[in-house]
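Asker:
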Amino acid sequence: MVKILYIWIVFFICFYPQPGWSQDSNTIVQTVLSEINFNTSVTHWRITSEHISSTSGIHHIYYQQVIEGIPIKATSSSIHISPKGEILSSYISFVRDISAFIRMGTSPSISPRIALEFMVEQMGYKITEPVVLSRGSENNKTEIWFSRGGISQREIPVKLVYIINEENDYLLVWEISILELDYLHWWDIQLDVVTGRIINRKDRIQSCSFAPEYSNEMEYDYHANLYDMPSKYTVNRPVSICENCYEVFPSPMANPFDGERIVEIDPADPTASPYGWHDIDGIEGAESNLTEGNNVSVSERGDNIGYQPDGGQLLDFTGYPFDPVYTLENQYEDASLTNVFYWNNLAHDVFYHYGFDEFSGNFQRINYVTGSGSHDDMDARVQARIGCTAFAATGSNGVRPIMVIGLCDDRDGAYDNIVIVHEYGHGIIDRLLGGSGNNGCLGNDEQMTEGWADYFGLFLTLSASDVSTDSKPIGNFFFGQGPDGGGIRKYPYSTDFSVNPMTYDAIKNASIPHGVGSVWATMIWEMTWALIDVYGFDENIYNFTGDINQEAGNIMAMAIIMEGMKLMYCDPGFIDARDAIITASREIYGFDNDCIIYNAFARRGLGLYADQGLSGSNEDGTEDYTEYPVVAQLTNISPVCFQDELVTGLTGGIPLGGVYSGFGIIDDGNGTSFSVDTSITGVGEVELTYEIQDSFCASASSTSTELSIFLDETGPIIECPEDIVEFVNINEGYVIPNFLIRSIAYDNCSDELTLAQNPVAFTELPVGEHSITLKATDDAGNSSECVFLFKILETGDPSLDFTTAVHLYPVPSNEEVIIFNPTGRRLLLVEIRDINGRLIKAIKLDTIDIHVPIPIIELSAGNYFLTIQTKGDIILKRLIKR
10 MVKILYIWIV FFICFYPQPG WSQDSNTIVQ TVLSEINFNT SVTHWRITSE HISSTSGIHH
70 IYYQQVIEGI PIKATSSSIH ISPKGEILSS YISFVRDISA FIRMGTSPSI SPRIALEFMV
130 EQMGYKITEP VVLSRGSENN KTEIWFSRGG ISQREIPVKL VYIINEENDY LLVWEISILE
190 LDYLHWWDIQ LDVVTGRIIN RKDRIQSCSF APEYSNEMEY DYHANLYDMP SKYTVNRPVS
250 ICENCYEVFP SPMANPFDGE RIVEIDPADP TASPYGWHDI DGIEGAESNL TEGNNVSVSE
310 RGDNIGYQPD GGQLLDFTGY PFDPVYTLEN QYEDASLTNV FYWNNLAHDV FYHYGFDEFS
370 GNFQRINYVT GSGSHDDMDA RVQARIGCTA FAATGSNGVR PIMVIGLCDD RDGAYDNIVI
430 VHEYGHGIID RLLGGSGNNG CLGNDEQMTE GWADYFGLFL TLSASDVSTD SKPIGNFFFG
490 QGPDGGGIRK YPYSTDFSVN PMTYDAIKNA SIPHGVGSVW ATMIWEMTWA LIDVYGFDEN
550 IYNFTGDINQ EAGNIMAMAI IMEGMKLMYC DPGFIDARDA IITASREIYG FDNDCIIYNA
610 FARRGLGLYA DQGLSGSNED GTEDYTEYPV VAQLTNISPV CFQDELVTGL TGGIPLGGVY
670 SGFGIIDDGN GTSFSVDTSI TGVGEVELTY EIQDSFCASA SSTSTELSIF LDETGPIIEC
730 PEDIVEFVNI NEGYVIPNFL IRSIAYDNCS DELTLAQNPV AFTELPVGEH SITLKATDDA
790 GNSSECVFLF KILETGDPSL DFTTAVHLYP VPSNEEVIIF NPTGRRLLLV EIRDINGRLI
850 KAIKLDTIDI HVPIPIIELS AGNYFLTIQT KGDIILKRLI KR
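Quick note: the sequence shown, position 742, residue 751 per my numbering, numbers continuous.
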């Protein structure tokens with residue numbers, strides 16, 4: 010198989026002013042792609058979702074690369090435009106060279122129905138109902154929907170997608186989604202479009218396993234630490250006369266440890282739920298007396314599957330008996346389901362005010378604003394027999410999400426409100442990060458999903474009597490630890506370092522995703538209290554205004570965290586998230602909170618000069634405790650090289666919010682960037698000055714530096730790979746890959762270069778020696794080339810040198826090492842010796858195979874010598890066991 014590597018590109022354009030942004034969204038995407046030299050005549054995309062945020066006014070556009078309507082997975086990209094028409098950020102994850110996909114074509118060998126049959130057989134499912142087409146046409150090659158077939162809780166979508174697998178092969182696959190009947194797995198299954206073989210599957214359900222991550226048997230033995238609740242909590246109230254009432258543990262109560270149940274009367278928010286919590290048709294008046302409505306349907310998943318309490322015509326969900334101790338004889342379903350119904354609706358209504366609304370993809374059966382039905386209200390199942398765990402799973406907008414809350418010994422998770430909101434929070438994260446048309450945007454090691462989810466629960470249980478140094482545990486009721494229990498995270502949340510000492514470096518040894526996430530939650534909890542210290546606390550958690558002079562600190566924190574999610578690309582790291590929060594704060598509240606936010610993060614090791622490394626790794630970051638500057642500074646000022654007269658989007662002044670000046674210097678008026686008019690400055694040096702005024706964060710001051718300006722007349726530097734030898738079978742050619750991804754190219758001026766290869770990628774070359782030319786061209790038209798030799802040999806060629814042609818792979822090796830032998834010589838014996846020469850293993854062979862696997866799983870990690878014997882020759886190779 011010819012292997013083609015994937016080019017992954019992420020660009021960040023900061024405050025690039027485009028006053029003419031009145032075009033439609035596709036025109037905006039095309040303009041941005043053209044700016045970075047994407048050939049938009051062959052690069053196609055579709056907008057997966059877009060909306061203007063209700064809190065910031067930012068226009069968020071999310072789009073994906075497609076070929077003839079078929080999406081390429083992992084190419085989710087976005088553009089974020091301020092109300093002033095400035096591009097705040099743009100993230101592009103497109104494949105530059107799509108010729109491999111185009112050559113592959115768009116026509117599968119098997120139909121969607123046959124693909125479904127192959128999947129059923131390989132997954133071991135048993136069809137118990139007729140499978141009929143429910144949406145689309147079987148003539149539609151890209152996406153259709155089948156009925157449930159007795160194997161899925163949802164209709165079954167079957168769609169074509171392009172993927173790049175772990176071996177960097179480009180593949181066209183059928184993707185099928187199955188929510189299994191027991192709600193324990195929601196599979197996205199990918200099948201080869203030729204053979205029907207399953208080549209990959211991913212479970213959308215990632216159990217939050219509310220089991221302790223960190224071993225401390227004395228603390229977490231819930232049988233030994235069960236807290237006996239006072240008998241007064243066992244309640245069977247007389248029949249009441251109450252309309253639109255719910256007897257629950259309401260916000261800000263975290264669980265029954267915080268007090269007795271309270272009757273909440275008519276709690277629906279008139280903005281988020283204008284027709285109440287039991288509306289189904291978008292018209293005044295309740296259509297259901299059960300625990301269901303426009304936002305959520307709550308039912309039992311224990312021994313009475315599907316059961317829902319009935320509040321009658323008055324919608325009176327009070328007087329239900331309750332005891333915190335769950336038993337098979339006394340399950341208290343009505344009280345349990347009512348509490349989950351209340352908290353799901355509360356979360357819907359509160360977070361609506363922070364930008365999680367119909368336009369951004371919230372969970373509603375009917376979208377009141379648009380008048381359309383999205384049919385994706387939350388499907389919550391309670392008292393599931395799944396152990397000490399809970400989980401949620403979300404599809405793209407229009408796909409109904411699920412929430413399942415379990416039982417932990419004699420504790421019902423339905424009364425642990427932070428657990429409920431944590432799971433709801435997963436749905437928010439999935440819909441906001443990468444846009445509501447995306448699905449599965451978090452899979453990296455430095456992911457923050459569990460931290461955000463914890464934070465949502467903490468936010469809705471924060472009260473006016475709390476102080477920053479309090480210990481706030483997660484799951485202490487669910488696990489019966491008692492009111493003073495430490496919860497299930499390594500440390501409870503607190504700004505007190507003696508309670509929670511975690512800093513950025515803690516992620517290096519933390520579990521993924523829960524441990525890493527708890528470090529992130531620690532940081533944004535620190536930031537929340539820093540804002541509360543300055544702006545105070547508001548018990549009215551619906552009270553978002555967007556006005557810095559009216560907003561309380563807790564309200565600000567949630568607003569900028571939610572908006573920050575919308576501003577990020579898929580698989581972000583901690584610094585990406587911090588910077589997105591700061592950008593959100595500037596757009597909503599201006600620059601005055603920069604120092605508060607930066608300094609809160611700096612306290613936990615994510616200071617001004619912290620280095621994230623790769624967001625795909627939780628081990629390569631560098632923490633830093635540098636706080637935000639209080640006087641004007643110019644940092645990272647690079648020489649300006651130009652091709653055009655006006656050079657825009659230059660930055661370097663901090664704190665932000667100042668003004669740039671100098672000969673030929675034009676301040677962009679956004680407090681962030683400046684431009685240089687080279688028709689005025691010419692070539693040489695000019696003085697650049699940056700001045701700030703008195704503010705909450707900084708003192709009035711200015712600073713200056715020399716700015717070098719020169720004309721770009723130098724070509725890029727491009728470095729080719731070393732000469733390459735590849736082997737083919739007799740009478741075969743070789744299809745060359747895209748070698749540009751193996752090259753190194755850079756320029757003194759241009760950030761983006763136009764790269765070309767000759768012969769072009771995917772050209773089939775015959776046996777022999779060929780010259781491959783790689784060319785790089787900068788924005789000014791300067792270009793450079795490099796050339797390397799590409800030799801194609803036939804296996805078994807007698808001219809091949811046995812000593813140099815034979816090699817081992819992979820390096821290092823784990824369970825097996827493979828001998829690559831293209832010479833046609835017969836291998837007879839392999840011996841493995843340690844570094845002292847002692848024989849460890851000997852294997853007799855009699856093979857002329859090109860790839861010969863040698864098992865080494867039993868070897869200890871370290872260095873070895875491997876000798877390969879053939880008739881007349883013995884060669885020695887170094888073996889590294891991982």
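Don't be surprised by glycine CBs; every beta carbon is placed ideally from N, CA and C.
Sorted by chain position, which residues of the same chain lie with C-beta nearer than 6 Å to His68's C-beta, five sequence neighbours on each side aside?
Answerer: Locating residue 68 in the sequence shown gives position 59, where the first residue counts as 1. Counting only Cβ-Cβ distances below 6 Å, and skipping sequence neighbours, we find Ile61 and Ile90.
Asker: Classify Leu888 as buried or exposed, calling it buried when 16 or more other Cβ atoms lie within 10 Å of its own Cβ.
Answerer: If you number the sequence shown from 1, residue 888 lands on position 879. Leu888 should be labelled buried.
Asker: Within 10 Å of its beta-carbon, does Asp732 have 16 or more other beta-carbons around it, so buried, or fewer, so exposed?
Answerer: Here residue 732 refers to the residue found at position 723 of the sequence shown. Its Cβ having fewer than 16 others within 10 Å, Asp732 is exposed.
Asker: Rounded to whole angstroms, what is the Cα-Cα separation between Gly777 and Leu836?
Answerer: Along the sequence shown, one-based indexing puts residue 777 at 768. Along the sequence shown, one-based indexing puts residue 836 at 827. Their backbone Cα atoms lie some 26 Å apart in a straight line.
Asker: Secondary structure at Asp237, three-state DSSP: helix, strand or coil?
Answerer: Taking the first residue of the sequence shown as position 1, residue 237 is located at position 228. Residue confidence for Asp237 is low, a pLDDT of 38 falling below 50, so the modelled location carries little weight and cannot support an answer.
Asker: Which runs of the alpha helix (DSSP H), 4 residues or longer, sit entirely within the stretch 543-578?
Answerer: Here the runs fully enclosed are 562-575.
Asker: Based on DSSP bridge pairs, tell me the residues matched to Asp106.
Answerer: Counted from its first residue, the sequence shown places residue 106 at position 97. Asp106 is not bridged to any residue.
Asker: Helix, strand or coil for Ser383, going by three-state DSSP, please let me know.
Answerer: For the purposes of this step, residue 383 is identified with residue 374 of the sequence shown, where counting begins at 1. Coil, per DSSP.
Asker: Taking the alpha carbon of Ile37 as the reference point, which residue from Ser99, Ala586, Arg498 and Ile81 has its own alpha carbon closest?
Answerer: The count along the sequence shown starts at 1 and reaches residue 37 at position 28. With distances taken between Cα atoms, Ile37 lies closest to Ser99.
Asker: Straight-line CA distance for Phe110 to Met457?
Answerer: On the sequence shown, residue 110 is found 101 positions in, with the first residue counted as 1. On the sequence shown, residue 457 is found 448 positions in, with the first residue counted as 1. When rounded, the distance between both Cα atoms is 33 Å.
Asker: Near Ile395, what residues of its chain come up, given a Cβ to Cβ distance below 6 Å and the 5 sequence neighbours on each side ignored?
Answerer: Within the sequence shown, the letter at position 386 stands for residue 395. Cβ neighbours of Ile395 beyond the five flanking positions: Gly415.
Asker: What does a CB cutoff of less than 7 Å around Ile597 pick up in its chain, not counting 5 residues either side in sequence?
Answerer: Taking the first residue of the sequence shown as 1, we reach residue 597 at position 588. If we look at Ile597 and ignore the five residues flanking it on each side, its Cβ neighbours are Thr64, Ser65, Gly555, Ala568, Ile569 and Glu572.
Asker: Could you spell out where the beta strand (DSSP E) holding Ala785 opens and where it closes?
Answerer: Locating residue 785 in the sequence shown gives position 776, where the first residue counts as 1. Looking at the DSSP string, the run of the beta strand (DSSP E) that includes Ala785 is Gly777 to Thr786.
Asker: On the three-state DSSP scale, how would you describe Ile306?
Answerer: Your numbering for residue 306 matches position 297 in the sequence shown. What sits at residue 306 in the sequence shown is Ser, not Ile. Looking at Ser306 - three-state DSSP - the assignment turns out to be strand.
Asker: Is it true that the CB of Leu180 sits closer than 8 Å to the CB of Ile172?
Answerer: Here residue 172 refers to the residue found at position 163 when the sequence shown is read from its first residue. Here residue 180 refers to the residue found at position 171 when the sequence shown is read from its first residue. Cβ atoms of Ile172 and Leu180: closer than 8 Å.
Asker: Hey, out of Leu576, Ile76 and Leu471, whose CA is closest to Ile96's CA?
Answerer: For the purposes of this step, residue 96 is identified with residue 87 of the sequence shown, where counting begins at 1. That would be Leu576, whose Cα lies nearest to the Cα of Ile96.
Asker: In whole angstroms, what is the alpha-carbon distance linking Asn738 and Glu803?
Answerer: The residue you call residue 738 lines up with position 729 of the sequence shown. The residue you call residue 803 lines up with position 794 of the sequence shown. Rounded to the nearest angstrom, the two C-alpha atoms are 5 Å apart.
Asker: Do Arg55 and Tyr71 have their C-beta atoms within less than 8 Å of each other?
Answerer: Stepping through the sequence shown from its first residue, residue 55 is reached at position 46. Stepping through the sequence shown from its first residue, residue 71 is reached at position 62. No; because the gap between Cβ atoms is not below 8 Å, this pair is not in contact.
Asker: Kindly indicate which three-state DSSP category Ala389 falls into: helix, strand or coil?
Answerer: Within the sequence shown, residue 389 is the residue found at index 380, counting from 1. Note: Ala389 maps to strand in three-state DSSP.
Asker: Roughly how many angstroms lie between the CA atoms of Ser86 and Leu442, to the nearest whole one?
Answerer: Numbered from 1 along the sequence shown, position 77 holds the residue referred to as residue 86. Numbered from 1 along the sequence shown, position 433 holds the residue referred to as residue 442. Taking the straight line joining both Cα atoms gives about 11 Å.
Asker: Write down the C-beta distance between Arg440 and Thr379 rounded to the nearest angstrom, noting that I regard them as a contact closer than 8 Å.
Answerer: The residue given as residue 440 occupies position 431 in the sequence shown. The residue given as residue 379 occupies position 370 in the sequence shown. Actually they are not in contact, since the Cβ atoms of Arg440 and Thr379 sit about 16 Å apart, beyond 8 Å.
Asker: With H, G and I counted as helix, E and B as strand and the rest as coil, what does DSSP make of Val476?
Answerer: For the purposes of this step, residue 476 is taken as the residue at position 467 of the sequence shown. It is coil, neither helix nor strand.
Asker: Given this structure, state the Cα-to-Cα distance separating Gln642 from Met565, to the nearest angstrom.
Answerer: Taking the first residue of the sequence shown as position 1, residue 642 is located at position 633. Taking the first residue of the sequence shown as position 1, residue 565 is located at position 556. C-alpha separation (whole angstroms): 27 Å.
Asker: Can you look up Met412 in the DSSP assignment and give me helix, strand or coil?
Answerer: The residue you call residue 412 lines up with position 403 of the sequence shown. DSSP places Met412 in strand when its eight states are reduced to three.
Asker: Buried or exposed: Gly489, going by 16 or more other Cβ atoms within 10 Å of its Cβ?
Answerer: In the sequence shown, counting from the first residue as 1, residue 489 sits at position 480. When all chains shown are included, Gly489 counts as buried.
Asker: Could you name the residues of the same chain whose beta carbon sits closer than 7 Å to that of Asp288, not counting the 5 residues immediately before and after it, in chain order?
Answerer: As a working mapping, residue 288 is identified with position 279 in the sequence shown. Excluding residues within five positions, the ones whose Cβ falls inside 7 Å are Ala295, Glu296, Gly302 and Asn303.
Asker: Using CA atoms only, rank isn't needed, just tell me which of Glu269, Ile250 and Ile884 is closest to Leu817.
Answerer: The residue labelled residue 817 in the question sits at position 808 within the sequence shown. Nearest option by C-alpha distance: Ile884.
Asker: Distance check for Val182 and Gln199, CA to CA, integer angstroms please.
Answerer: The count along the sequence shown starts at 1 and reaches residue 199 at position 190. The count along the sequence shown starts at 1 and reaches residue 182 at position 173. Approximately 6 Å between the Cα atoms of the pair.
Asker: Quick one: what does DSSP say Thr876 is sitting in, helix, strand or coil?
Answerer: Your numbering for residue 876 matches position 867 in the sequence shown. DSSP places Thr876 in strand when its eight states are reduced to three.
Asker: Taking all protein chains shown into account, decide if Pro648 is buried (16 or more other Cβ within 10 angstroms of its Cβ) or exposed.
Answerer: Here residue 648 corresponds to residue number 639 of the sequence shown, with the count starting at 1. Classification of Pro648: exposed, given that the 10 Å Cβ count is below 16.
Asker: Grab me the residues of Ser224's own chain with a C-beta within less than 6 Å of its C-beta, minus the 5 sequence neighbours each way, in chain order.
Answerer: Working through the sequence shown from its first residue, we reach residue 224 at position 215. With a pLDDT of 35 at Ser224, under the threshold of 50, the modelled position of that residue is not reliable, and the figure given next carries that caveat. Hits under 6 Å: none found.
Asker: Kindly indicate which residue of Gly205, Pro117, Ile541 and Ser156 has the alpha-carbon position closest to the one of Glu1.
Answerer: Look at the range of the chain in this structure, 10 to 891, and you will see that residue 1 is not part of it.
Asker: Please classify Pro819 as buried or exposed, where buried requires at least 16 other C-beta atoms within 10 Å of its C-beta.
Answerer: In the sequence shown, residue 819 corresponds to position 810, counting from 1. The residue is exposed, with fewer than 16 neighbouring Cβ atoms inside 10 Å.
Asker: Rank Gly436, Phe465 and Tyr464 by C-alpha distance to the C-alpha of Leu451 and give the top, closest one.
Answerer: By 1-based counting over the sequence shown, the position of residue 451 is 442. The option with the nearest alpha carbon to Leu451 is Gly436.
Asker: Give me the DSSP bridge partner(s) of Ile801.
Answerer: By 1-based counting over the sequence shown, the position of residue 801 is 792. Partner(s): Glu735 and Gly777.
Asker: Using the three-state DSSP reduction, which class does Ser34 fall into: helix, strand or coil?
Answerer: Mapped onto the sequence shown, residue 34 falls at position 25. Helix, per DSSP.
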